[in-house]
Amino acid sequence: MGSAILMLELFLCLTVYAASEEFEFSSSKSSSHRRVIDVKGGPESLVWVVQLSDLHFSVHHPDRALDFKNFVGPALSMINPSLVLITGDLTDGKSKDLLTMKQNEEEWVEYQNMMADVIKRSRLDRSIFFDLRGNHDNFGVPVLGGSFDFFSKYSINGQLGRTGNVNSVTLQTGERKHLFVGVDSTMSVGLRGPTNLFGHPTDQLLAELDMELSQWDSQSEKPLSKISFGHFPLSFSATSYSGKSLKDIFLNHSISAYICGHLHTRFGKNLKRHHQLSRHFLSLQKFFQPNVHQLSFHGTANCSIEAPAAREFWEWEMGDWRKSRAMRILAIDRGHVSYVDIDFMSGTKKTIILPTFPLDSRFMSTSSSHHKYECHAVVSYETVRALVFSVSPIVSVMTRIYDSRPGYLNLVFEAPMRKLVDNTSRGDLYVAPWNYRAFEDPIPNRYWLQIEATDFMGRSTSTDLRPFSVNGLSTMLSWTWKEFMVMGCQWAALYYPMFWCAVYFILSILLIPKALLIFSIRHFTYKNKGFLNGIGFVLQELSRVPFTWFGFLGYLFYLILFPWFIGKVFTDDKDKGYMTYMGWVVKSFNQKGKHEYAGSPDIMVVVLPHLFFVVFPAILLTGALATEKQISRENFLSLTGKKEDDYDQEERSSLWYDYQRSRKSNSCVGNRWIRKVLLVLCLAVCWKHFMYICEYSSRLLKMMEARNCLEPCNHHSETLQGLQTKFSFLCHPGNRIGEMTTRIAGLSSKHMR
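Letter by letter, the sequence shown follows residues -20 to -1, 1 to 733 of mature numbering (1 follows the signal peptide of the UniProt record, and there is no 0).
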């Protein structure tokens, strides 16, 4: 009996031990991508990181990697950041003519070598580098972890085992915690461009992101700042299957900022956006935001400890390395987040200055800043502060404040800044005491700050003038139209409304004139004046040509119901997919070959231009030709005095001869120059089609020749058969237009990514 009880106790102990081991293993597995870094040395209240984005290393542009090697390593050595964040598009993945988009292993080897050299020259630890996928790093990758997923093989994250789509690191000082969470929202099935343009967060990814952002909420006794980083701006991020978005998660956690890349500086320099929780049920924020800031009304501040934090955050897109050679330094000083963008186009930087307080009222102030001011939580307001990085010793730093109320910048404050000395300092922080209450003002851009540093060689470096508001108010800014198009419009939400509006509009301009022609006794005529009457007459004459009218109507239904074209969407050139207006239908590798839609709303760069710039103009052009013919016929009959029933095929030549002799009018209709212009436009479209077909055919022949050189002779028949299939598909009228549109979309968006 005693031995049985002993055996039972032993069994229970082993069971509990095994369960505890399994729990510890699963816990460590779920938190393996988390890391805490104790930041040693002063200044105690401050951390700073470096962001790089859109490197686009390319075998066709070796200068990008060469400049990266020459500039970034020495700059990182001077700055000494706690983290280096590289937010996507590490390689270019494009052919020299920009038409073929797929992975190139040679570019990834170059990226690996350049990063190894930069880490060596900067003398920084490799583990503080975090790189993320961009859409270019995912072109044509059929499955993550496969043979064409070069990111997992050559990137720093891949080599350090950071395999998850969400990774976090916490920088911990004696006073605060600073949580950085990286999110990779590239699509799981990597299509080729240009239909690989958006971020695609899944419900699982959003749940992981929510968990990472909340990891310190119930544990940390220190104040906490949260920063998230990724590749895609929120305007180019789709929603998950359940309708949730990255913005929802960020607002729920009231992060300080989301920093990203993707758009490049060619669209503008004000690619920033302030997000705030909207309390209006029918808010248009789902579709667009007209300005950098949302309209916020500052009421009476609730200064109680239990008061909920304002649900808001900043989104800061940075410039690209590809052409702008841009780098960003971001600092968190006692919870105040600021940044400065560096441009290496003019060469190396000897001195870099980053003001950390007061904040720029255009891009950095938030509602929480105003709340701190109203609640007198202004302990950090007592000094003007700035980080100064330099390759040479600094002999003086001056801060100057200008008042813009007189209509010009009037210097009202000037003071030297002293360096906070620390034997284990990570960087040089300069401070200058000031009476901040002297600069309280309800106008957020009245006062402007500038800081100047001089090194021992006499070289002077000054910051750009930046407005600030001690009251925590924001200076309202407006985007340019290009900045609004890429930052203010929520394209994932706009795609289907725009698509169906275009379809219904084209359908209406086909059906309404036809219905009026059949059921109404009043018809449009060219003799009546007015723009709308002219358009109505053109569409009415188009509806009189049954073959053409039914052709356009049938083509419109074809675009809705059937595939637009078929192509090889992956780098391995094995599996084909076909595209509809809902996305690419491809074979899913993680669901046992199940076919699924991918690339929505990415395909909008093909679908919407085709509808707006091909189908609609083609209808108008064809209607114009029919209209010109009808007007010419009526003019001919009126001048000859004949009736339409009086002549047949044999008489037309003689009637035309009499018409030419009796014609006295020199009107544009008589000369028929309109028909000549329309025919020239038609020839231009046909020539574009012909040139593309020739180019595509030559590529197919080159592919066939290359395969003949590499494959055995018994595969020649299979290659010829595949070539014949491609040519037969190319001759399909609907798909030919779709192929041309894909090429046009690829050319028009070559600078965007």
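Glycine included, C-beta positions come from ideal geometry on N, C-alpha and C.
These numbers were taken from a predicted model, which means no experiment stands behind them.
Identified DSSP bridge partners for residue i
{"i": "Gly162", "result": "Asn147, Phe209"}
{"i": "Thr379", "result": "Ala395, Ile431"}
{"i": "Arg101", "result": "In DSSP, Arg101 forms no bridge with anything."}
{"i": "Asp323", "result": "Ala306"}
{"i": "Pro413", "result": "Thr363"}
{"i": "Ile312", "result": "Val27, Val317"}
{"i": "His254", "result": "Trp294"}
{"i": "Ala578", "result": "Trp564"}
{"i": "Thr331", "result": "Ser370"}
{"i": "His41", "result": "Ser38"}
Residue i and residue j closer than 8 Å at C-beta
{"i": "Ala218", "j": "Pro581", "result": "yes"}
{"i": "Pro338", "j": "Leu453", "result": "no"}
{"i": "Leu257", "j": "Ile229", "result": "no"}
{"i": "Leu435", "j": "Ser341", "result": "In the sequence as displayed, the identity of residue 435 is Asp instead of Leu. Not closer than 8 Å, so no."}
{"i": "Phe216", "j": "His242", "result": "yes"}
{"i": "Gln152", "j": "Asp18", "result": "yes"}
{"i": "Leu601", "j": "Ala311", "result": "no"}
{"i": "Leu177", "j": "Val585", "result": "yes"}
{"i": "Val401", "j": "Gly120", "result": "no"}
{"i": "Val368", "j": "Tyr410", "result": "yes"}
{"i": "Thr80", "j": "Asn118", "result": "no"}
{"i": "Pro396", "j": "Ala412", "result": "yes"}
{"i": "Val317", "j": "Met344", "result": "yes"}
{"i": "Phe131", "j": "Arg142", "result": "no"}
{"i": "Phe110", "j": "Leu185", "result": "no"}
{"i": "Asp190", "j": "Ser222", "result": "no"}
{"i": "Ile333", "j": "Ala433", "result": "yes"}
{"i": "Gln520", "j": "Leu490", "result": "no"}
{"i": "Leu226", "j": "Pro181", "result": "yes"}
{"i": "Val518", "j": "Ala604", "result": "yes"}
{"i": "Met307", "j": "Leu32", "result": "yes"}
{"i": "Asn513", "j": "Phe504", "result": "yes"}
Distance between beta carbons of residue j and residue i, contact taken as under 8 Å
{"i": "Asn147", "j": "Asn137", "result": "7 Å"}
{"i": "Arg302", "j": "Asp34", "result": "5 Å"}
{"i": "Thr71", "j": "His116", "result": "6 Å"}
{"i": "residue 736", "j": "Lys462", "result": "The structure shown does not extend to residue 736, since the chain is modelled only from -20 through 733, so no value can be given for it."}
{"i": "Ser205", "j": "Val161", "result": "That pair is no contact at about 12 Å."}
{"i": "Ser360", "j": "Arg406", "result": "About 19 Å separates the two Cβ atoms, so there is no contact after all."}
{"i": "Tyr353", "j": "Val450", "result": "7 Å"}
{"i": "Val29", "j": "Pro61", "result": "5 Å"}
{"i": "Arg305", "j": "Asp321", "result": "Going by Cβ atoms, the distance from Arg305 to Asp321 rounds to 11 Å, so no, they are not a contact pair."}
{"i": "Leu522", "j": "Ala606", "result": "5 Å"}
{"i": "Ile486", "j": "Phe616", "result": "The Cβ separation is near 32 Å, so there is no contact."}
Distance between residue j and residue i (C-alpha atoms, nearest Å)
{"i": "Leu681", "j": "Tyr577", "result": "Bear in mind that the predicted position of Leu681 carries a pLDDT of just 48, short of 50, making it unreliable; the figure below should be weighed with that in mind. Approximately 31 Å between the Cα atoms of the pair."}
{"i": "Val587", "j": "Lys266", "result": "22 Å"}
{"i": "Pro203", "j": "Lys49", "result": "37 Å"}
{"i": "Arg679", "j": "Thr560", "result": "At Arg679 the pLDDT is 48, less than 50, meaning the model places this residue with poor confidence; the figure from the coordinates comes in the next sentence. Rounded to the nearest angstrom, the two C-alpha atoms are 25 Å apart."}
{"i": "Cys240", "j": "Leu251", "result": "10 Å"}
{"i": "Cys469", "j": "Ile611", "result": "44 Å"}
{"i": "Glu2", "j": "Ala290", "result": "Note that Glu2 scores a pLDDT of 35, beneath 50, so its modelled location is shaky; the value from the coordinates is reported in the next line. Each residue's alpha carbon lies about 40 Å from the other."}
{"i": "Ile309", "j": "Ser220", "result": "32 Å"}
{"i": "Tyr558", "j": "Leu539", "result": "13 Å"}
{"i": "Ser642", "j": "Leu658", "result": "For Ser642, the predicted model reports a pLDDT of 45, less than 50, meaning its position is unreliable; a value from the coordinates is still stated below. Each residue's Cα considered, the two are about 26 Å apart."}
{"i": "Ser127", "j": "Asn84", "result": "12 Å"}
{"i": "Arg253", "j": "His211", "result": "15 Å"}
{"i": "Phe542", "j": "Ile583", "result": "15 Å"}
{"i": "Glu292", "j": "Ile108", "result": "28 Å"}
{"i": "Ser38", "j": "Leu171", "result": "19 Å"}
{"i": "Ile423", "j": "Thr150", "result": "37 Å"}
{"i": "Trp459", "j": "Gln274", "result": "13 Å"}
{"i": "Val483", "j": "Phe592", "result": "10 Å"}
{"i": "Gly547", "j": "Lys556", "result": "5 Å"}
{"i": "Ser135", "j": "Asp97", "result": "14 Å"}
{"i": "Leu661", "j": "Arg613", "result": "22 Å"}
{"i": "Gly438", "j": "Val123", "result": "56 Å"}
Minimum Cβ-Cβ distance from residue i to chain D less than 8 Å
{"i": "Tyr416", "result": "No chain D appears in this structure, which consists of one protein chain only."}
Closer than 7 Å: residue i CB and nearest the ligand COA heavy atom
{"i": "Ser215", "result": "The ligand COA is absent from the structure shown, which contains no ligands of any kind."}
Which parts of the region 486 to 573 are runs of the beta strand (DSSP E), unbroken and 3 residues or longer, counting only runs that do not cross its ends? Within the region 486 to 573, the complete beta strand (DSSP E) runs of at least 3 residues are 545 to 548, 556 to 560, 563 to 567.
Which full runs of the alpha helix (DSSP H) of 4+ residues lie inside the region 208 to 251, going along the chain? Qualifying alpha helix (DSSP H) stretches, in chain order: 226 to 233.
What ranges does the alpha helix (DSSP H) occupy inside the region 52 to 116, keeping only unbroken runs of at least 4 residues that lie completely in it? Here the runs fully enclosed are 85 to 102.
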